[in-house]
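In the numbering used here, each residue carries its 1-based index in the sequence shown increased by 19.
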Amino acid sequence: MRILAADYLLTMDETRKIIRNGAVLFDGSAIVDISFDKELARSKYPNADFTYLGENSVIMPSLINTHVHLEFSKNRTTLHYGNFIEWLTSVIENKDLTSEEELSSAMQDALAQMKKSGIGAVGAVSSFGKDIEALASSGLKVTLFNEILGTSEERAEDIKSDFLRRFEITKRYASDNFRPAISLHSAYSSCRSIMEFAVSFAKENSLKICSHFMESKAERFWLDRNRGEFKAFFKAFFGLERSFVRPEEFLAKLSGLGAIFIHCTHANEQELETIRNDGAFVVHCPTSNRLLGMRLLDAETAKNMGIEYITATDGLSSNYSLNIWNELRNAIFGYTDLSLKVLPYDLLKSVTVNAAKALGLNSGKLEVGKDADLIAFRLPGAVGEDEHLPLQVILHTQTIEKLIINGVEING
(Lines of atoms letter the chains of each structure in order from A; the text may use other names.)
(Lines give C-alpha, C1' and ligand atoms only; values in the text may rest on other atoms or scores of the structure.)
Protein backbone atom coordinates (compact mmCIF):
# COMPACT_ATOMS: atom_id res chain seq x y z
CA MET A 20 0.00 0.00 0.00
CA ARG A 21 1.08 3.57 -0.64
CA ILE A 22 -0.12 6.90 0.73
CA LEU A 23 0.49 10.18 -1.09
CA ALA A 24 -0.32 13.29 0.95
CA ALA A 25 -0.55 16.89 -0.23
CA ASP A 26 -1.75 20.32 0.81
CA TYR A 27 -4.49 20.17 -1.81
CA LEU A 28 -6.41 17.25 -3.30
CA LEU A 29 -8.31 18.28 -6.41
CA THR A 30 -10.69 15.33 -6.54
CA MET A 31 -12.67 16.23 -9.68
CA ASP A 32 -15.69 14.42 -8.20
CA GLU A 33 -19.33 15.41 -8.75
CA THR A 34 -19.29 17.81 -5.78
CA ARG A 35 -16.13 19.61 -7.00
CA LYS A 36 -14.54 18.66 -3.70
CA ILE A 37 -11.17 20.13 -2.78
CA ILE A 38 -9.49 18.58 0.27
CA ARG A 39 -6.81 20.45 2.19
CA ASN A 40 -4.06 18.48 3.94
CA GLY A 41 -5.50 15.22 2.65
CA ALA A 42 -4.13 11.95 1.34
CA VAL A 43 -4.78 9.32 -1.32
CA LEU A 44 -4.23 5.65 -0.48
CA PHE A 45 -3.77 3.17 -3.29
CA ASP A 46 -3.06 -0.52 -3.27
CA GLY A 47 -1.94 -2.10 -6.50
CA SER A 48 -3.69 -0.35 -9.37
CA ALA A 49 -6.72 1.04 -7.50
CA ILE A 50 -7.52 3.88 -5.12
CA VAL A 51 -8.73 2.35 -1.84
CA ASP A 52 -9.20 5.41 0.37
CA ILE A 53 -9.34 9.20 0.32
CA SER A 54 -8.51 10.88 3.63
CA PHE A 55 -9.43 14.39 4.78
CA ASP A 56 -6.46 14.36 7.17
CA LYS A 57 -3.05 13.14 6.10
CA GLU A 58 -1.92 12.39 9.67
CA LEU A 59 -5.02 10.32 10.34
CA ALA A 60 -4.34 8.41 7.14
CA ARG A 61 -0.81 7.75 8.32
CA SER A 62 -2.01 6.40 11.67
CA LYS A 63 -4.86 4.40 10.12
CA TYR A 64 -2.47 2.61 7.74
CA PRO A 65 0.81 2.37 9.69
CA ASN A 66 2.31 -0.21 7.34
CA ALA A 67 1.71 1.82 4.18
CA ASP A 68 4.51 3.66 2.40
CA PHE A 69 3.78 7.32 3.29
CA THR A 70 4.97 10.31 1.26
CA TYR A 71 4.11 13.94 1.94
CA LEU A 72 4.77 15.91 -1.23
CA GLY A 73 5.70 19.19 0.41
CA GLU A 74 4.52 22.75 0.82
CA ASN A 75 1.83 23.91 -1.64
CA SER A 76 1.65 20.45 -3.16
CA VAL A 77 -1.32 19.28 -5.25
CA ILE A 78 -2.59 15.81 -6.12
CA MET A 79 -5.20 15.37 -8.82
CA PRO A 80 -6.14 12.75 -11.43
CA SER A 81 -3.66 12.33 -14.26
CA LEU A 82 -4.62 14.22 -17.41
CA ILE A 83 -5.95 12.73 -20.63
CA ASN A 84 -5.08 13.98 -24.11
CA THR A 85 -8.00 12.61 -26.11
CA HIS A 86 -6.83 13.71 -29.54
CA VAL A 87 -3.23 13.73 -30.76
CA HIS A 88 -1.47 12.87 -34.05
CA LEU A 89 1.88 11.56 -32.84
CA GLU A 90 3.08 10.69 -36.35
CA PHE A 91 3.17 14.38 -37.25
CA SER A 92 5.55 15.27 -34.42
CA LYS A 93 8.33 16.24 -36.86
CA ASN A 94 6.18 18.69 -38.84
CA ARG A 95 6.80 21.58 -36.48
CA THR A 96 8.00 24.36 -38.80
CA THR A 97 7.27 23.09 -42.30
CA LEU A 98 3.52 23.67 -42.45
CA HIS A 99 1.54 26.80 -43.28
CA TYR A 100 -0.68 28.32 -40.61
CA GLY A 101 -3.47 30.90 -40.78
CA ASN A 102 -5.81 29.24 -43.26
CA PHE A 103 -7.17 25.69 -43.12
CA ILE A 104 -6.91 24.95 -46.86
CA GLU A 105 -3.37 26.32 -47.09
CA TRP A 106 -2.40 24.24 -44.06
CA LEU A 107 -4.01 21.08 -45.46
CA THR A 108 -2.25 21.59 -48.78
CA SER A 109 1.08 21.95 -46.98
CA VAL A 110 0.41 18.73 -45.05
CA ILE A 111 -0.09 16.83 -48.31
CA GLU A 112 2.99 18.38 -49.90
CA ASN A 113 5.26 17.70 -46.89
CA LYS A 114 4.08 14.25 -45.84
CA ASP A 115 7.18 12.38 -47.09
CA LEU A 116 9.96 14.74 -45.98
CA THR A 117 10.78 13.03 -42.66
CA SER A 118 13.08 10.03 -42.32
CA GLU A 119 12.09 7.08 -40.12
CA GLU A 120 14.91 7.86 -37.69
CA GLU A 121 13.93 11.51 -37.40
CA LEU A 122 10.28 10.61 -36.87
CA SER A 123 11.08 8.03 -34.19
CA SER A 124 13.14 10.56 -32.25
CA ALA A 125 10.46 13.24 -32.62
CA MET A 126 7.75 10.89 -31.37
CA GLN A 127 9.79 9.92 -28.31
CA ASP A 128 10.36 13.61 -27.53
CA ALA A 129 6.62 14.26 -27.92
CA LEU A 130 5.72 11.40 -25.60
CA ALA A 131 8.22 12.64 -23.01
CA GLN A 132 6.72 16.13 -23.16
CA MET A 133 3.22 14.77 -22.65
CA LYS A 134 4.29 12.68 -19.68
CA LYS A 135 6.15 15.59 -18.08
CA SER A 136 2.98 17.66 -18.33
CA GLY A 137 0.98 14.98 -16.51
CA ILE A 138 -0.74 13.14 -19.34
CA GLY A 139 -1.40 9.56 -18.34
CA ALA A 140 -3.69 8.53 -21.19
CA VAL A 141 -4.01 9.43 -24.85
CA GLY A 142 -6.36 9.00 -27.76
CA ALA A 143 -3.87 8.79 -30.63
CA VAL A 144 -4.89 8.89 -34.27
CA SER A 145 -2.54 6.65 -36.27
CA SER A 146 -2.55 7.37 -40.00
CA PHE A 147 0.32 5.12 -41.10
CA GLY A 148 1.01 2.78 -38.17
CA LYS A 149 4.44 4.30 -37.52
CA ASP A 150 3.52 5.31 -33.97
CA ILE A 151 2.14 1.97 -32.75
CA GLU A 152 5.29 0.59 -31.16
CA ALA A 153 6.25 3.91 -29.54
CA LEU A 154 2.82 4.26 -27.97
CA ALA A 155 2.65 0.62 -26.88
CA SER A 156 5.95 0.96 -25.01
CA SER A 157 5.24 4.42 -23.57
CA GLY A 158 3.72 3.30 -20.26
CA LEU A 159 0.66 5.44 -21.00
CA LYS A 160 -2.90 4.24 -21.36
CA VAL A 161 -3.47 4.32 -25.10
CA THR A 162 -6.57 4.23 -27.26
CA LEU A 163 -5.09 3.79 -30.73
CA PHE A 164 -7.48 5.15 -33.36
CA ASN A 165 -6.40 3.49 -36.63
CA GLU A 166 -7.36 6.02 -39.27
CA ILE A 167 -9.15 5.33 -42.52
CA LEU A 168 -10.00 7.79 -45.28
CA GLY A 169 -10.20 7.85 -49.04
CA THR A 170 -12.04 9.82 -51.69
CA SER A 171 -11.85 7.22 -54.47
CA GLU A 172 -14.38 4.43 -54.75
CA GLU A 173 -12.02 2.75 -57.22
CA ARG A 174 -9.29 2.53 -54.56
CA ALA A 175 -11.60 1.70 -51.65
CA GLU A 176 -10.63 -1.98 -51.45
CA ASP A 177 -6.93 -1.15 -51.32
CA ILE A 178 -7.62 1.43 -48.60
CA LYS A 179 -9.58 -1.10 -46.56
CA SER A 180 -6.79 -3.66 -46.93
CA ASP A 181 -4.18 -1.20 -45.68
CA PHE A 182 -6.39 -0.31 -42.73
CA LEU A 183 -6.89 -3.97 -41.83
CA ARG A 184 -3.12 -4.57 -42.04
CA ARG A 185 -2.47 -1.75 -39.56
CA PHE A 186 -5.33 -2.84 -37.34
CA GLU A 187 -3.92 -6.37 -37.12
CA ILE A 188 -0.57 -4.95 -36.01
CA THR A 189 -2.33 -2.89 -33.37
CA LYS A 190 -4.16 -5.95 -32.07
CA ARG A 191 -0.84 -7.64 -31.29
CA TYR A 192 -0.25 -5.01 -28.61
CA ALA A 193 -3.80 -5.08 -27.22
CA SER A 194 -4.07 -5.07 -23.43
CA ASP A 195 -6.01 -3.33 -20.68
CA ASN A 196 -3.78 -0.30 -21.25
CA PHE A 197 -3.60 -0.43 -25.06
CA ARG A 198 -6.87 -0.62 -26.95
CA PRO A 199 -7.37 -0.64 -30.71
CA ALA A 200 -10.00 1.75 -32.07
CA ILE A 201 -10.92 3.37 -35.38
CA SER A 202 -10.83 6.89 -36.77
CA LEU A 203 -13.01 7.73 -39.74
CA HIS A 204 -11.12 10.84 -40.74
CA SER A 205 -14.02 13.10 -41.71
CA ALA A 206 -17.16 13.49 -43.75
CA TYR A 207 -15.32 15.39 -46.46
CA SER A 208 -12.41 12.95 -46.88
CA SER A 209 -14.21 9.59 -47.04
CA CYS A 210 -16.25 8.18 -49.87
CA ARG A 211 -19.45 6.30 -49.08
CA SER A 212 -18.03 2.79 -49.14
CA ILE A 213 -15.23 3.83 -46.75
CA MET A 214 -17.80 5.37 -44.39
CA GLU A 215 -19.98 2.27 -44.46
CA PHE A 216 -16.99 0.02 -43.88
CA ALA A 217 -15.72 2.08 -40.92
CA VAL A 218 -19.09 2.19 -39.19
CA SER A 219 -19.73 -1.52 -39.71
CA PHE A 220 -16.23 -2.41 -38.53
CA ALA A 221 -16.65 -0.35 -35.37
CA LYS A 222 -20.00 -1.99 -34.60
CA GLU A 223 -18.85 -5.53 -35.33
CA ASN A 224 -15.74 -5.17 -33.18
CA SER A 225 -17.22 -2.94 -30.41
CA LEU A 226 -14.62 -0.26 -31.09
CA LYS A 227 -14.38 3.34 -30.04
CA ILE A 228 -14.65 5.60 -33.09
CA CYS A 229 -13.65 9.22 -33.63
CA SER A 230 -13.98 11.62 -36.54
CA HIS A 231 -13.06 15.20 -37.34
CA PHE A 232 -16.26 17.19 -37.79
CA MET A 233 -16.97 20.78 -38.82
CA GLU A 234 -13.44 22.00 -38.21
CA SER A 235 -13.55 24.84 -40.71
CA LYS A 236 -15.76 27.23 -42.60
CA ALA A 237 -14.52 25.52 -45.77
CA GLU A 238 -15.99 22.21 -44.53
CA ARG A 239 -19.24 23.92 -43.61
CA PHE A 240 -19.72 25.36 -47.12
CA TRP A 241 -18.58 22.17 -48.87
CA LEU A 242 -20.87 19.78 -47.01
CA ASP A 243 -23.83 22.16 -47.07
CA ARG A 244 -23.57 23.62 -50.57
CA ASN A 245 -20.64 22.08 -52.48
CA ARG A 246 -19.09 25.52 -52.50
CA GLY A 247 -16.29 27.47 -50.85
CA GLU A 248 -12.53 26.91 -50.62
CA PHE A 249 -12.86 23.13 -50.62
CA LYS A 250 -14.40 23.22 -54.11
CA ALA A 251 -11.14 24.22 -55.79
CA PHE A 252 -9.10 22.02 -53.42
CA PHE A 253 -11.03 18.83 -54.18
CA LYS A 254 -11.14 19.59 -57.88
CA ALA A 255 -7.37 20.08 -58.01
CA PHE A 256 -6.30 17.13 -55.85
CA PHE A 257 -9.04 14.55 -56.35
CA GLY A 258 -11.15 15.61 -59.32
CA LEU A 259 -14.27 15.87 -57.16
CA GLU A 260 -17.18 18.22 -57.84
CA ARG A 261 -19.49 17.33 -54.94
CA SER A 262 -19.26 16.25 -51.31
CA PHE A 263 -20.04 12.65 -50.40
CA VAL A 264 -22.59 13.24 -47.68
CA ARG A 265 -24.61 15.91 -45.91
CA PRO A 266 -23.66 16.74 -42.31
CA GLU A 267 -26.89 15.34 -40.82
CA GLU A 268 -26.46 12.09 -42.76
CA PHE A 269 -22.88 11.74 -41.55
CA LEU A 270 -23.94 12.15 -37.92
CA ALA A 271 -26.72 9.62 -38.45
CA LYS A 272 -24.22 7.07 -39.79
CA LEU A 273 -22.23 7.23 -36.55
CA SER A 274 -25.29 7.15 -34.32
CA GLY A 275 -25.24 4.67 -31.46
CA LEU A 276 -21.45 4.33 -31.35
CA GLY A 277 -20.67 6.87 -28.61
CA ALA A 278 -18.55 8.60 -31.22
CA ILE A 279 -15.97 11.26 -30.45
CA PHE A 280 -16.29 14.26 -32.76
CA ILE A 281 -13.16 16.39 -33.03
CA HIS A 282 -13.29 20.21 -33.24
CA CYS A 283 -16.97 21.02 -34.10
CA THR A 284 -16.04 24.71 -34.22
CA HIS A 285 -18.49 25.28 -37.07
CA ALA A 286 -21.16 22.83 -35.97
CA ASN A 287 -24.60 24.41 -35.66
CA GLU A 288 -26.98 23.98 -32.73
CA GLN A 289 -29.00 21.28 -34.49
CA GLU A 290 -25.83 19.22 -35.03
CA LEU A 291 -24.74 19.74 -31.43
CA GLU A 292 -28.20 18.61 -30.29
CA THR A 293 -27.84 15.46 -32.40
CA ILE A 294 -24.43 14.78 -30.82
CA ARG A 295 -25.84 15.33 -27.34
CA ASN A 296 -28.92 13.20 -27.90
CA ASP A 297 -26.76 10.37 -29.20
CA GLY A 298 -24.53 10.41 -26.12
CA ALA A 299 -21.54 11.28 -28.29
CA PHE A 300 -18.63 13.53 -27.34
CA VAL A 301 -17.03 16.76 -28.57
CA VAL A 302 -13.29 17.42 -28.38
CA HIS A 303 -11.94 20.89 -29.08
CA CYS A 304 -8.32 21.92 -29.62
CA PRO A 305 -8.12 25.70 -29.09
CA THR A 306 -4.51 26.22 -30.18
CA SER A 307 -4.90 24.15 -33.33
CA ASN A 308 -8.14 25.90 -34.18
CA ARG A 309 -6.50 29.31 -33.82
CA LEU A 310 -3.40 28.41 -35.85
CA LEU A 311 -5.48 27.04 -38.70
CA GLY A 312 -7.57 30.20 -38.88
CA MET A 313 -10.69 28.89 -37.20
CA ARG A 314 -12.81 30.14 -34.34
CA LEU A 315 -13.05 28.39 -30.99
CA LEU A 316 -15.77 25.92 -30.11
CA ASP A 317 -18.77 27.69 -28.60
CA ALA A 318 -18.04 26.05 -25.26
CA GLU A 319 -20.75 27.87 -23.34
CA THR A 320 -23.49 26.84 -25.77
CA ALA A 321 -22.21 23.26 -25.76
CA LYS A 322 -22.18 23.20 -21.96
CA ASN A 323 -25.65 24.72 -21.68
CA MET A 324 -26.92 22.07 -24.09
CA GLY A 325 -25.56 19.34 -21.84
CA ILE A 326 -22.43 18.50 -23.82
CA GLU A 327 -19.47 18.03 -21.48
CA TYR A 328 -16.75 19.04 -23.92
CA ILE A 329 -13.17 17.77 -23.87
CA THR A 330 -9.94 19.71 -24.44
CA ALA A 331 -6.98 18.22 -26.33
CA THR A 332 -3.80 19.37 -28.03
CA ASP A 333 -4.17 17.89 -31.52
CA GLY A 334 -0.76 17.13 -33.07
CA LEU A 335 2.42 19.13 -33.55
CA SER A 336 1.39 19.68 -37.15
CA SER A 337 -1.08 22.27 -35.80
CA ASN A 338 0.31 23.11 -32.37
CA TYR A 339 3.62 24.31 -30.95
CA SER A 340 3.42 22.06 -27.89
CA LEU A 341 1.89 18.85 -26.56
CA ASN A 342 2.09 20.19 -23.01
CA ILE A 343 -1.58 20.16 -22.12
CA TRP A 344 -1.17 22.94 -19.55
CA ASN A 345 -0.33 25.28 -22.44
CA GLU A 346 -3.57 24.21 -24.10
CA LEU A 347 -5.58 24.95 -20.96
CA ARG A 348 -3.91 28.35 -20.55
CA ASN A 349 -4.62 29.22 -24.18
CA ALA A 350 -8.26 28.33 -23.59
CA ILE A 351 -8.34 30.55 -20.49
CA PHE A 352 -7.18 33.52 -22.55
CA GLY A 353 -9.20 32.59 -25.63
CA TYR A 354 -12.59 32.44 -23.92
CA THR A 355 -12.58 36.05 -22.79
CA ASP A 356 -16.34 36.15 -22.16
CA LEU A 357 -16.43 33.20 -19.73
CA SER A 358 -16.11 33.54 -15.96
CA LEU A 359 -12.73 32.78 -14.39
CA LYS A 360 -14.64 31.33 -11.44
CA VAL A 361 -16.23 28.69 -13.66
CA LEU A 362 -14.12 28.15 -16.79
CA PRO A 363 -10.92 26.83 -15.10
CA TYR A 364 -12.73 23.99 -13.35
CA ASP A 365 -14.62 23.16 -16.55
CA LEU A 366 -11.30 22.98 -18.41
CA LEU A 367 -9.74 20.69 -15.80
CA LYS A 368 -12.85 18.54 -15.97
CA SER A 369 -12.47 18.42 -19.75
CA VAL A 370 -9.07 16.70 -19.47
CA THR A 371 -10.00 14.37 -16.61
CA VAL A 372 -13.63 13.36 -15.99
CA ASN A 373 -15.02 14.11 -19.45
CA ALA A 374 -12.05 12.65 -21.29
CA ALA A 375 -12.20 9.46 -19.22
CA LYS A 376 -15.88 9.05 -20.13
CA ALA A 377 -15.15 9.51 -23.82
CA LEU A 378 -12.38 6.91 -23.88
CA GLY A 379 -14.13 4.54 -21.49
CA LEU A 380 -11.44 4.74 -18.79
CA ASN A 381 -11.92 4.04 -15.09
CA SER A 382 -10.08 7.21 -14.14
CA GLY A 383 -10.46 10.99 -14.16
CA LYS A 384 -11.35 11.30 -10.45
CA LEU A 385 -9.77 10.82 -7.05
CA GLU A 386 -12.36 8.34 -5.88
CA VAL A 387 -12.36 4.94 -4.19
CA GLY A 388 -12.49 2.23 -6.85
CA LYS A 389 -11.01 4.36 -9.61
CA ASP A 390 -7.67 3.46 -11.13
CA ALA A 391 -4.71 4.96 -9.30
CA ASP A 392 -3.91 7.37 -12.14
CA LEU A 393 -2.55 10.46 -10.39
CA ILE A 394 -0.27 13.43 -10.82
CA ALA A 395 1.46 15.50 -8.17
CA PHE A 396 3.09 18.93 -8.44
CA ARG A 397 3.63 22.10 -6.44
CA LEU A 398 2.31 25.62 -6.75
CA PRO A 399 4.60 28.61 -6.16
CA GLY A 400 2.54 29.71 -3.15
CA ALA A 401 -0.51 29.01 -1.02
CA VAL A 402 -4.04 29.48 -2.38
CA GLY A 403 -6.57 31.34 -0.21
CA GLU A 404 -10.05 30.22 -1.26
CA ASP A 405 -10.78 26.82 -2.72
CA GLU A 406 -12.66 28.31 -5.67
CA HIS A 407 -9.43 29.91 -6.89
CA LEU A 408 -7.39 26.70 -6.92
CA PRO A 409 -8.35 25.48 -10.45
CA LEU A 410 -7.27 28.78 -12.03
CA GLN A 411 -4.01 28.90 -10.09
CA VAL A 412 -3.26 25.30 -11.03
CA ILE A 413 -3.71 26.09 -14.73
CA LEU A 414 -1.75 29.34 -14.60
CA HIS A 415 1.27 28.02 -12.71
CA THR A 416 1.75 24.40 -13.73
CA GLN A 417 4.16 23.57 -16.51
CA THR A 418 5.52 20.17 -15.50
CA ILE A 419 4.63 17.71 -12.78
CA GLU A 420 6.74 15.92 -10.16
CA LYS A 421 4.99 12.56 -10.21
CA LEU A 422 2.97 10.71 -12.84
CA ILE A 423 1.39 7.52 -11.52
CA ILE A 424 -0.55 5.13 -13.75
CA ASN A 425 -2.27 2.09 -12.23
CA GLY A 426 -0.32 2.73 -9.04
CA VAL A 427 3.05 2.69 -10.78
CA GLU A 428 5.23 5.79 -11.09
CA ILE A 429 6.08 6.56 -14.71
CA ASN A 430 9.19 8.41 -15.83
CA GLY A 431 9.29 10.69 -18.85
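Cβ atoms here follow ideal geometry from the backbone N, Cα and C, with glycine treated the same way. Note that the structure is predicted; figures quoted are calculated from it, not measured.
Check: Out of curiosity, what's the CA-to-CA distance linking Ala-155 and Ala-206?; Outcome: 29 Å
Check: Can you give me the C-alpha to C-alpha distance between Glu-172 and Lys-250, rounded to a whole angstrom?; Outcome: 19 Å
Check: What residues are listed by DSSP as bridge partners for Val-301?; Outcome: Phe-280
Check: Flag this pair as yes or no: are the beta carbons of Ile-22 and Thr-30 separated by less than 8 Å?; Outcome: no
Check: Quick test of your reading: Val-301 and Ala-321, contact by CB under 8 Å. State the CB separation rounded to the nearest angstrom.; Outcome: 6 Å
Check: Just to confirm the assignment: which complete beta strand (DSSP E) runs, minimum length 3, are found wholly within the stretch 372-425?; Outcome: 393-397, 421-424
Check: Check whether the stretch 60-77 and the stretch 115-134 are in contact - that is, three or more C-beta pairs closer than 8 Å.; Outcome: no
Check: State yes or no: is the C-beta of Asp-46 within less than 8 Å of the C-beta of Lys-384?; Outcome: no
Check: Which term fits Asn-66, buried or exposed, when burial requires 16 or more other beta carbons within 10 angstroms of its beta carbon?; Outcome: exposed
Check: What first and last residue would you give for the beta strand (DSSP E) that runs through Pro-80?; Outcome: 76-80
Check: Enumerated in chain order, which unbroken segments of the beta strand (DSSP E) with a length of 3 residues or greater are wholly contained in the stretch 30-66?; Outcome: 37-46, 49-54
Check: Taking the straight line between their C-alpha atoms, what separation do you get for Lys-389 and Gly-142?; Outcome: 19 Å
Check: With a cut-off of 8 Å on the beta carbons, I'd call Leu-98 and Ser-336 a contact; round off their distance for me.; Outcome: 6 Å
Check: Does Phe-69 come out as helix, strand or coil in the three-state DSSP assignment?; Outcome: strand
Check: DSSP state of Asp-150, grouped into three classes?; Outcome: coil
Check: Can you give, in chain order, each stretch of the alpha helix (DSSP H) that sits fully within the stretch 334-364 and has at least 4 residues?; Outcome: 343-353
Check: Pull up the distance between the alpha-carbon of Gly-169 and that of Leu-203, whole angstroms please.; Outcome: 10 Å
Check: Give the DSSP-derived three-state secondary structure of Val-427 in the structure shown.; Outcome: strand
Check: Could you work out which residue in Ala-200, Gln-127, Leu-311, Gly-137 is closest to Asn-165 when comparing CA atoms only?; Outcome: Ala-200
Check: Between the C-alpha atoms of His-282 and Lys-63, what's the straight-line distance to the nearest angstrom?; Outcome: 47 Å
Check: Between the C-alpha atoms of Leu-242 and Ile-419, what's the straight-line distance to the nearest angstrom?; Outcome: 43 Å
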